[in-house]
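S.K.: Submitted below is the structure of interest, expressed as structure tokens.
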Amino acid sequence: MRAAVRLLTRFALSDVCSVCLAAAPVADSDVCARCVSRLPALPTPRCGCCGGPLDGVLNACGECLRAGGRPWEHAVSVFPLTGVVRELVHRFKYQGHTYLAPFFAARMAESWHRHGCGAPDLVVPVPLHWFRHMCRGYNHAELLAGCLCRHLGLDLGRHVRRRRWTAQQALLDFTARQGNMKDAFAVRGNDRLSGRHVLLVDDVLTTGATLAAVTQQLREAQVATVSVITAARG
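Be aware that the sequence shown starts at 42, since it is given in the numbering used here, and climbs by one per residue.
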């Protein structure tokens with residue numbers, strides 16, 4: 042039923058912009074050219090560890106310096122999680138507006154190429170717990186990853202699974218987020234991951250606790266390089 046409602050809603054709104062609901066969207070997008078031009082950009086220079094804004098003269102932000110760095114090699118995000126971007130991410134993640142996945146993925150692919158972080162071998166989405174997946178009807182990270190694969194010409198690898206239920210990260214502070222992710226993930230198909238460069242996909246990088254937990258598991262599977270990419274940076 043949820044899928045049918047989403048399909049009917051998308052059909053009814055197929056000729057309007059997902060942001061302003063007025064102008065016709067540009068080709069291969071659900072957002073009109075005017076709204077695309079008004080979307081905020083991440084400030085530069087950016088942290089070499091997490092892709093967030095720098096607050097000093099070093100190549101890493103204060104948060105990454107305090108954490109002793111990050112477990113991944115590269116981090117790329119497209120938008121700051123503010124204003125209309127926050128609203129679009131919320132619609133996409135929680136309200137079934139899955140037609141926004143191609144829009145976000147196209148910008149993620151552009152950012153990836155622009156940053157020149159090397160050529161990954163495989164795209165891996167951050168998984169949802171099976172019950173949350175069933176309730177929501179989809180995994181937003183997997184939708185982004187699937188669209189991104191088409192832009193980058195790569196295969197999608199479902200090599201990570203949720204081992205247990207976790208509270209929503211958005212409801213927790215920094216310390217609680219770290220504990221919430223402890224032993225939350227497991228990796229399968231280690232023989233197909235060993236020595237490879239994995240591009241890990243999620244919607245938002247905030248504290249990085251979720252992506253760090255997945256990265257640690259990929260390291261245990263002997264993945265050589267882990268890069269992360271998200272639509273937004275919180």
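In this text, a Cβ means the ideal position worked out from N, Cα and C, and glycines have one as well.
As the structure is a computational prediction, the values presented were derived from the model and not from experiment.
#1: Throw me the rounded Cβ distance for the leucine 234 and valine 242 pair, which I believe falls under 8 Å.
#2: Who are the Cβ neighbours of leucine 48 in its own chain at under 6 Å, not counting the five residues just before and after it?
#3: Compute the distance between the beta-carbons of phenylalanine 133 and leucine 141, then report whether it is under 7 Å.
#4: Please find out if some non-hydrogen atom of the ligand NAP comes closer than 6 Å to the beta-carbon of alanine 211.
#5: Nearest CA to the CA of cysteine 61: which residue from Glu128, Leu83, Ala108, Ser118?
#6: Are the CB atoms of threonine 216 and leucine 246 nearer to each other than 7 Å?
#7: So, do the segment 255–272 and the segment 93–104 have three or more beta carbon pairs nearer to each other than 8 Å?
#8: With 7 Å set as the bound, which would you pick, yes or no: does the beta-carbon of alanine 254 sit closer than that to a beta-carbon of chain B?
#9: Return the chain-ordered list of same chain residues with a C-beta closer than 6 Å to the C-beta of proline 94, the five sequence neighbours on each side being excluded.
#10: Along the chain, which unbroken stretches of the alpha helix (DSSP H) at least 4 residues long are found entirely within the segment 138–169?
#11: Consult DSSP for alanine 63 and reduce its assignment to one of helix, strand or coil.
#12: Quick one, which of Leu193, Trp171, Tyr179, Gly275 has its alpha-carbon nearest threonine 207's?
M.R.: Looking at the coordinates:
#1: In fact, because the Cβ distance is near 15 Å, the residues do not count as touching under 8 Å.
#2: In this prediction, leucine 48 scores a pLDDT of 46, lower than 50, which makes its location untrustworthy; no coordinate-derived value is stated.
#3: Against a cut-off of 7 Å, the Cβ pair of leucine 141 and phenylalanine 133 comes out as a contact.
#4: This structure simply doesn't include the ligand NAP, nor any ligand for that matter.
#5: Minimum Cα distance to cysteine 61 is reached at Glu128.
#6: no
#7: no
#8: This model lacks chain B altogether; it includes just one protein chain.
#9: These residues qualify, in order along the chain: Pro84.
#10: The alpha helix (DSSP H) runs of length 4 or more contained entirely in the segment 138–169 are, from start to end of the chain, 142–156.
#11: Three-state result, alanine 63: coil.
#12: Trp171
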